[in-house]
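Asks: For this note's numbering, count along the sequence shown from 1 and bump the result up by 274. For glycine and all other residues, C-beta sits at the position ideal for the given N, C-alpha and C. Encoded as C-alpha cells, here's the structure I'll be asking about.
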Amino acid sequence: MTGRLTPNNLRCEYLENPMGIDIQSPRLSWQLTCDENDMYQSAYRIQVATSPEDLRSETNLIWDSGQIASSSTLHIPYEGKSLQAEKRYYWIVRVWDQEDRAGEDAPLAFWQMGLGNKEQWQAQWIGFRTQVDETVRPSGKAGNNSQFFGEGDDILNMRPPAYLRRDIDILQSITSATLYVTARGLYDVTINGQPITDRRLTPGWTDYNKTIEYQTYDVAQFLITGENAIGVILADGWYAGYLGPWGRRGIYGDTASLLFQLNITLEDGSQRIIISDESWKANEGAIRYTEMYHGEYYDATREEIGWDKPGFNDAHWHSVELFDMPDVNLQAQLLQPIRVTQQFAPIAIDEIEPDVYQTDMGQNFAGWVRLIAKGEAGTTIRLRFAESLLPNGRLDTLNLNAARATDTWVLRGDGEEVFEPRFTYHGFRYVEITGYPDTLTLDNIVGCVLHTDLPMTGQIETSSPMVNKIIENTLWSQRSNFYSVPTDCPQRAERLGWTGDIFSFSSTATYLMDCGAYYSRFMAMLVEAQSQEGAFSNVVPRVVVTADGAPAFGDGGVYLPWLMYQQYGDKQLIERHYPALVRWLDYIADANPNYLWIERRNPDFGDWLAYRDNTPNDVLATTIWAMDALWMAKMASVLGNEQHVTKYLDLHKKIAAAFREAYVTENNHIKGDTQAVYVLALAAKLLPDDLHLNATNRLVQLIEERNWHLSTGFVATHFLLDVLSDNGRTDIAYCLLLQDTLPSWGYMVKQGATTLWERWDGDVEMRRLHGLDNSPRPFTHSVIGELVGMNSYNHFSLGVVTGWLFQYVLGIKSTSQGFQRIRIEPHITLGLAYARGHYDSIRGRVAISWHKSDDKLDFEITIPSNIKANVILPSHNPERDKQFNPEASLRNQAIEFVLGSGTYHLTTTWHD
Ligand code: BGC
C-alpha cells in the first residue's frame, strides 16, 4: 500500500509508443491507478526529451509543461519545441493528488516522428507488371455482373505479385536504421530473408487516389555489417485486385507499386539512405496469384531459393518500372496493425472421401490456416473455405458469392514444408483439403485468426450460457470484420466498409475493443469520401457502390464523432470534422424543405433486413435526420457554438412537428405501425410527452403480437433495447435478449452459431436461397446485386445487443466527456441471476458484478482513480437500503448516490 496515484497506460494519439507520427502536436494521455479509494489528480507535469537519460536528469528537455493544476489525463497536446522528422521523443508524466502528494513514477513512454511529407522522401515509386499465369488461372467468372453496377471481368485475371530485391553493402556498424515504407497494393518486406514485422495486409486500405499511409519500422536488428539483401513481395491487394461483388479489378490502378526508404545512421555518424529506385530488380516468384476474395496460389517449386538473401545472382531478373509521385496525402498511419492474434487446432478432421479431408475449426472467423506437409515435389494441395455445410456434409460455398476462397499449394518436395498465405484472407469455419500427401492430423493444421489488433476492453459473464454465447459471438464478428476498415462481412466477394453497419455497431464495438485510433482514422476516411454536394457515402472507402447518402448509412458520419467524444473525450475530432457534418446536414435540409426526409435518399435501404415487417422508408429516414440534429446540437455545445446549438435544436423541433403532422395518425399510431417506427420515433425524441407512453405501449404490444419477438432490421435494432430500457420496459428488453426462437439472437446460438448472422433467419434463408428446401427458386436480383449470395454468417450489424448488456445490464455508461463522469445503473429483472464484467474505459477499469441471493442483491463496484460515478441501484426497499449511504436519494424502486474511486461491496433489498 503506497496510497499514491500511479500513472500508467501512457498513450500518444491513442497508441502505445507509436512509430511514425506526422503530427506536430501529438496528444498525450494516461490512466491512473491507486490502491486507496477516492484518489484524484490535482496537477500533472509532462516532460519530453530526446533521450531517456535527458529525461531522467531533466536536462535538455524539449518540453516541460510545468506543474499544471488540472484533473485532466486525456489528449493533452504537446506544446514544446518543434518536432523533427525521424526523431524519437521520450516522455514522462508526473502527477499530484488532491493532497498535493506526488504520485509514483510513471514508466517512460515514447513516440517517434515519421518521415513527414513528401519533401523528406527521396524514394521513388517502383513496380513490376507481371503476367497472368495461364497454367493456374482458375475457371469461372470473376464476379456477379450486375446491370446496376456495370460489367466486371468475364474471367479471372489474377496476376502474380511482383518480387523485388536489392543488395546493400554496409561497411560499418549501424547505430540506427529506420524503414519508411508503403505500397499501392500490399507489401511484405524481408531483410536478409527475415520478415521485419508480423503486420499483415500492409499498408491497409485507403482511398489510394487521395491518401496513402506509410509505416515506420526500426530494422536495425535485421541488418549486419557486410552484405545485406532486401526482399519485397508486392501484391495487388485492395489497390489493384478484385474489389466488390461485381468482378472488377484495378479500381485504383492497374499495377501495384512500392515506396521504400531506409534511413541508416552509421557508427561514424554518417547517414545512408537506401531508396526504392531503378537499381532494384524484379521478377515473378512462387506466389502465382493472390487475391483477397479468391485466395492464394503458391507453387514452392518456383521459389528461387535465396532470392531474398545476399549473394543471390539476380542477373536474370528484370528492371523495375518507375512511377511518378502521385498527388496524394502521404501520411504516417496511426493505427494498430492487422496481425494474427490467435491460433488454434480444428475440433474435427474427417476424411470424407479418398483424398478429401474436411476440417471443422469449431469457430467461424476470418484469417487462414497454416498447413504443414511433407510430400513429393509437385504435389498439389487445395484448400477451400466455407462458413457452413450443405445437408450432404460438403462445403456450402453459395453464400461466398463470387469469392473462390481457395488456396493452392504446390510442394517443393524437400522435407517438411509449411504453407501460410500472405495476401488473402477467408471468412470460414470449415476447410476442405484435397491432395494432402499423408494423413492429416491435428498437428498439421492451425487456424490463424487475423484482424486489426485493437486492445480488448470489456468482458461480461451472466448466469445464462446463451447470453454469454451471444456476447462471444459478437466479439467474433467484430474480430472478423475489424480489418483495415470495418467491413460488412469477411467471406463473400464484398467486404466493404458499409457505413450503415458500423453506425449500428460502433458504440458496442468500443465496449469490446479500444476503437480510438481505429475510428479516428475511419472518420477521416469518411469525410474524405464526402461528395461534392455534401453526402456521406454508403461505403468507405467510396468504391464500387457509388450512390451516396442512404439514411442511416451516411448518418454514421454524424454519430461517430459524438460517440468518440462520449467514449474517449475526443473534442479535437469534433472540431476537425464539424464543417463536414454541417455540410451533410445541409445536404439533407436543402432537398427537404418540409422537414420530412423524402428526397436524396438514394439508394434507400430502409430498415435493412427487417424480419417480415415493412417500415416505411420515409418515416425511418426522418427519424434518423432528427437524431442527427440532436447529435449536432450536442457537438455544437461541446464546441461552444451556441448559435448552432439553437439552430440544430430548432431543426429538431421542426422535424418533430412535421413528423407528427405527417406520420402520427388519429389513434396515435405512427405510419407503418411497425415496431421500428415506435423505436425510432422514441429514440429520436420526436413525440410529445403524452404520446411517449402511448408509443412505448404500442411497441410492447407489437412485440407481444409476435409472441415476444422483434421484427426490426439493423437500423431499428440499433435502438430497440435502449429505447425499451429508457422507457421503463427493461423487462421486455430482457425478454428479447432471452428469446431463443426465430427471430432472436438466441435463435442463432441455438442453431449452433459461433458468430452473428447477417439475417435473423440466415439458416432458413440459406436453405431457401440455395434451393435446398424444395421451394421454388426465389427472385435472385436485388437492387444491390445477387440476393442468392447475400447470406453471411458473420456480420456485426445486429451486434448492438452486447452494447446494451454493457450499458444496461452491467449498467456502465459515460455521462460526460470520455467517462469523466460515469453512471452505473444496472437494469435488473427476471431472467438473469447474476452478471459481472468490466469495461476498460479510456480512464481505466470500471467493473461491476451483481448477484441475486435470497431477498437481496449483492453488488461489487469498481471505479477508477480520478473518477466519480453516479450509482443507481435497484432496490425494493429504498428507504431501508438508504441506510448504508445517508446521502443517497430515493427513487422509484432504486437508490441513487455518488461513489468516488475505489472498490465497494453493497447490498440492496430485492425479490424476483
Ligand atoms: C451488406 C450490408 C449492407 C448492405 C446495404 C450488404 O451487402 O452486407 O450489411 O448494409 O449491403 O444494404
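Any heavy atom of ligand 1 closer than 7 Å to the beta-carbon of E661?
Replies: The answer is no for E661.
Asks: Can you determine whether any heavy atom of ligand 1 sits closer than 7 Å to the C-beta of M1022, and answer yes or no?
Replies: For ligand 1, not one heavy atom lies less than 7 Å from the Cβ of M1022.
Asks: Alpha carbon to alpha carbon, how far is W399 from I977?
Replies: Distance between the alpha carbons of W399 and I977: 59 Å.
Asks: Can you tell me which of G388, I548 and D902 puts its alpha carbon nearest to the alpha carbon of T539?
Replies: Comparing Cα positions, the closest option is I548.
Asks: Quick one: what's got a C-beta closer than 6 Å to S1056's C-beta in the same chain, skipping five residues either side?
Replies: Its pLDDT being 39, under 50, S1056 is placed unreliably in this model, and the value from its coordinates should be taken loosely. Closer than 6 Å at Cβ, skipping near neighbours: no residue.
Asks: Would you mind stating whether Q298 and S356 have Cβ atoms separated by less than 8 Å?
Replies: Yes, they are a contact pair.
Asks: Can you tell me whether N1151 is helix, strand or coil according to DSSP?
Replies: If DSSP states are grouped into helix, strand and coil, N1151 belongs with coil.
Asks: Following the continuous beta strand (DSSP E) through V643, name the residue where it begins and the one where it ends.
Replies: That run of the beta strand (DSSP E) goes V630 to A647.
Asks: My guess is that S778 and P764 are in contact by the Cβ rule of under 8 Å, so how many angstroms apart are they, rounded?
Replies: The Cβ separation is near 17 Å, so there is no contact.
Asks: Kindly identify the DSSP beta-bridge partner or partners of V684.
Replies: Paired residues: D573 and T654.
Asks: Take T240 as the anchor and find which of G987, A936 and Y922 has the nearest alpha-carbon.
Replies: Absent from the structure is residue 240, since the part of the chain shown begins at 275 and ends at 1186.
Asks: What I want to know is whether the C-beta of W520 ends up closer than 7 Å to one or more non-hydrogen atoms of ligand 1.
Replies: Because no heavy atom of ligand 1 lies under 7 Å away, the Cβ of W520 does not count as near it: no.
Asks: Measure the alpha-carbon distance for I470 versus D462 and round it to whole angstroms.
Replies: Looking at the two C-alpha atoms, the distance is approximately 8 Å.
Asks: Quick check on the burial criterion: 16 or more other C-beta atoms within 10 angstroms. Buried or exposed for Q421?
Replies: Confidence is the limiting factor: at Q421 the pLDDT is only 48, short of 50, which leaves the residue's position unreliable, though a coordinate-based value still follows. Classification of Q421: exposed, given that the 10 Å Cβ count is below 16.
Asks: What residue does the alpha helix (DSSP H) around M909 start on, and which one ends it?
Replies: Run containing M909: N891 to V912, per the alpha helix (DSSP H) assignment.
Asks: Thinking C-alpha only, which one of Y757, T748 and I561 is nearest L724?
Replies: Ranking the options by Cα distance to L724, first place goes to Y757.
Asks: Give the single residue among H700, L1164 and K1126 whose Cα lies nearest to the Cα of Y567.
Replies: Checked all of H700, L1164 and K1126; the closest Cα to Y567 is H700.
Asks: Under a CB-based cut-off of 8 Å, is G1176 close to chain C?
Replies: The displayed structure is made up of one protein chain only, and chain C is not part of it.
Asks: On a Cα-Cα basis, can you pick out the residue from A660, D542, G559 and K555 that is closest to A509?
Replies: Nearest C-alpha to A509: G559.
Asks: Taking 8 Å as the threshold (C-beta atoms), are G1118 and T490 in contact?
Replies: Not in contact: T490 and G1118 (Cβ atoms no closer than 8 Å).
Asks: Considering only their Cβ atoms, is the gap separating V989 from A826 smaller than 8 Å?
Replies: Yes; because the gap between Cβ atoms is below 8 Å, this pair is in contact.
Asks: Within 7 Å: the Cβ of E768 and any heavy atom of ligand 1?
Replies: Under cutoff, so the answer is yes.
Asks: Got a sec: does ligand 1 put a non-hydrogen atom nearer than 7 Å to the Cβ of D551?
Replies: Not under cutoff, so the answer is no.
Asks: Taking only the alpha-carbon atoms, compute the straight-line gap between T1182 and D1155 and give it to the nearest angstrom.
Replies: Those two C-alpha atoms are separated by around 6 Å.
Asks: Run through the DSSP bridge pairs and tell me what P1176 is partnered with.
Replies: Note that residue 1176 is Gly in the sequence shown here, rather than Pro. According to DSSP, which records beta bridges pairwise, G1176 is partnered with I1137.
Asks: CB A457 to CB L389, shorter than 8 Å?
Replies: No, these two residues do not count as a Cβ contact at 8 Å.
Asks: Between A622, L460 and E802, which has its C-alpha nearest N483's C-alpha?
Replies: Here the closest residue by C-alpha is E802.
Asks: With a Cβ-Cβ cutoff of 8 Å, do L284 and D371 count as a contact?
Replies: In this structure, D371 does not lie closer than 8 Å to L284 by Cβ.
Asks: Got a sec: does ligand 1 put a non-hydrogen atom nearer than 7 Å to the Cβ of F1070?
Replies: Checking every heavy atom of ligand 1 against the Cβ of F1070, none is found closer than 7 Å.
Asks: How many Å lie between G843 and S345 at the Cα?
Replies: Near 14 Å, if we compare the C-alpha coordinates of S345 and G843.
Asks: How would you label R403, buried or exposed, when you count the other beta carbons within 10 angstroms and need 16 or more for buried?
Replies: Per the 10 Å Cβ criterion, exposed.
Asks: DSSP state of Y318, grouped into three classes?
Replies: Strand.
Asks: Three-state secondary structure (DSSP) at F422?
Replies: Residue placement at F422 is poorly supported in this model, since its pLDDT is 49, which falls under 50; the coordinates are not used for a value here.
Asks: May I ask which residues mark the beginning and end of the alpha helix (DSSP H) holding H590?
Replies: First-last for H590: undefined, no H or E at that position.
Asks: Does the Cβ of F879 lie closer than 7 Å to at least one heavy atom of ligand 1?
Replies: Indeed, a heavy atom of ligand 1 lies less than 7 Å from the Cβ.
Asks: Could you give the distance in angstroms between the alpha-carbon of M740 and the alpha-carbon of L1012?
Replies: C-alpha separation (whole angstroms): 8 Å.
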